[in-house]
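Below is one structure, written out as structure tokens; the observations come after it.
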Amino acid sequence: MIIRKIEPKDNQEIEQIIKETILEFGLPTHGTAYEDIETTKMHASYQQDNEVYFVLENENKIVGGAGIKALKNNIEAVCELQKMYFSPIARGKGVGSVLIKKCLQEAKNFRFTACYIETDPRMEAAIHLYKKNGFTSLESSLGDTGHSSCSVWMLKTL
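For the sequence shown, UniProt numbering assigns the number 1 to the initial residue and increments by one for each residue that follows.
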């Protein structure tokens, strides 16, 4: 499996992975990445300064991805680890930690001082992965992600 920056040709595959994963885990479609306008145009959504989205490719097929972007409506130098989703073939192989580390290194390069993530409590494996990679739980959300259905908030100092 290789990790590379997203290209326009990857939009449909990564959108499908995001939406299928949300449905697979029984997560709401409202207040999640399922209805984000960015999800339908992933490449274009990560082309500004200090943001990047990586896809995970296996045998010329996209099997996952994650990105870094400034946390909306947060005046501090906090970024958000965004839209980290994997198809079943990519889960449990250790690539999640590799992708997180790559994203966090980019966040440091962009001079962010902390990284925020939010998810749903049903995403138990993801929460375990975030904790394993140094994220700690918060009492409330930060910024304004628009993900009103997410109730697990975590932060890692970079």
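Here a beta-carbon is modelled for each residue, glycine too, at the ideal position from N, C-alpha and C.
- If you draw a straight line from the Cα of Ile62 to the Cα of Leu138, it comes to about 32 Å.
- Between the alpha carbons of Arg122 and Phe25 lies a distance of about 7 Å.
- Under the three-state reduction of DSSP output, Cys150 falls in the coil class, being neither helix nor strand.
- Collapsing the DSSP output to three states places Tyr34 in a helix.
- Judged by pairs of C-beta atoms under 8 Å, the region 9-26 touches the region 40-53, as three or more such pairs exist.
- By alpha-carbon distance to Ile117, the top candidate from Thr21, Gly94, His128 is His128.
- The continuous alpha helix (DSSP H) containing Tyr130 extends over residues 124-132.
- Between Ile14 and Gly65, the C-beta gap is smaller than 9 Å, which places the two residues in contact.
- Sequence-distant Cβ neighbours of Met84 in its own chain, meaning closer than 6 Å and more than five residues away, are Ala66.
- If you ignore the 5 residues before and after Val78, its C-beta comes within less than 6 Å of the C-beta of Leu71, Ala114, Tyr116, all in its own chain and listed in chain order.
- Following the DSSP letters along the chain, one finds Gln47 in no beta strand (DSSP E), marked with neither H nor E.
- The continuous alpha helix (DSSP H) containing Thr21 extends over residues 11-24.
- Contact between Gln82 and Lys101 is absent: CB atoms are separated by about 16 Å, not below the 8 Å threshold.
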